[in-house]
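Position one of the sequence shown corresponds to residue 13 (this note's numbering), numbered consecutively onward.
C-beta atoms are modelled at their ideal positions from N, C-alpha and C, and glycine is treated no differently.
For reference, the structure discussed in these notes is given below.
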Amino acid sequence: MKAADGQYIGDKSATTQPFLGAAEPWRSPKHALRDAILVPMIALGVIAATFVPVRLAAPKAGLSEISVVSATNSARLAEGLAPLRSDDALAQAAAEKAKSMINEGYFAHYYNGHTPWEFIDDAAGSDWRLAGENLAKNYDQTDKLMDAWMASPAHKENILNAGYERIGVAVVRTTLQDGTAISVTVSMFTGG
13 MKAADGQYIG DKSATTQPFL GAAEPWRSPK HALRDAILVP MIALGVIAAT FVPVRLAAPK
73 AGLSEISVVS ATNSARLAEG LAPLRSDDAL AQAAAEKAKS MINEGYFAHY YNGHTPWEFI
133 DDAAGSDWRL AGENLAKNYD QTDKLMDAWM ASPAHKENIL NAGYERIGVA VVRTTLQDGT
193 AISVTVSMFT GG
């Protein structure tokens with residue numbers, strides 16, 4: 013019953029149960045079967061959800077091999093293309109190419125008679141019919157790197173080439189003898 017001043021007046025002799033909140037029905041024995049099925053499903057969903065934001069945020073996060081692969085596949089999916097499989101041997105070839113450019117002081121696909129395909133063959137073998145390479149220097153954010161590559165017709169063509177099936181990425185950072193900090197990113201693609 014409501015009093016004139018807006019307060020409720022009730023029977024003080026009536027027993028009341030404390031309010032336990034909306035979660036209380038989950039503890040009911042009559043819902044044991046539901047709990048046995050849903051609680052583990054919810055727990056797995058929570059665990060899986062903790063990794064989703066990392067993957068979604070990776071392309072805008074600091075530059076890394078994983079973020080470049082993820083951003084490349086996002087660009088491909090947006091165009092209706094299949095994602096590329098990350099390939100450890102290609103990543104090794106990309107790392108060797110990046111180290112070669114840093115150690116030899118060049119930034120190019122071809123240098124001193126050597127081709128990018130030699131790095132792929134040495135690390136990943138010659139089990140490919142189609143190959144490509146994207147290079148970048150001194151990028152520290154994946155989104156900026158991808159913007160630059162997608163603005164370049166040749167780099168964009170590699171990213172969106174329907175014939176490619178695998179990708180290997182290396183991001184190598186170092187400080188030169190004169191104190192200059194540099195980073196070199198190499199993406200290598202193969203297919204066929």
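Check: Limits of the beta strand (DSSP E) - the one that residue 119 falls within; Outcome: Careful: residue 119 lies outside any beta strand (DSSP E) and carries neither H nor E.
Check: Boundaries (first-last residue) of the beta strand (DSSP E) holding residue 182; Outcome: 178–187
Check: 7 Å Cβ cutoff met for residue 113 and residue 196; Outcome: yes
Check: Reference residue 151; option with closest CA among 186, 99, 203, 140; Outcome: 186
Check: Cα-Cα separation, residue 154 to residue 162; Outcome: 12 Å
Check: 4 or more residues per run - each alpha helix (DSSP H) lying fully within the segment 70–147; Outcome: 77–90, 100–116, 128–136
Check: C-alpha distance - residue 104 paired with residue 166, whole-angstrom precision; Outcome: 23 Å
Check: DSSP-derived helix/strand/coil call for residue 23; Outcome: Here the model assigns residue 23 a pLDDT of 45, short of 50, so the residue's position is not dependable, and the following value carries that caveat. Of the three classes helix, strand and coil, the one that applies to residue 23 here is coil, per DSSP.
Check: Of the residues 93, 108, 94, the one placed nearest residue 100, counting alpha carbons only; Outcome: 108
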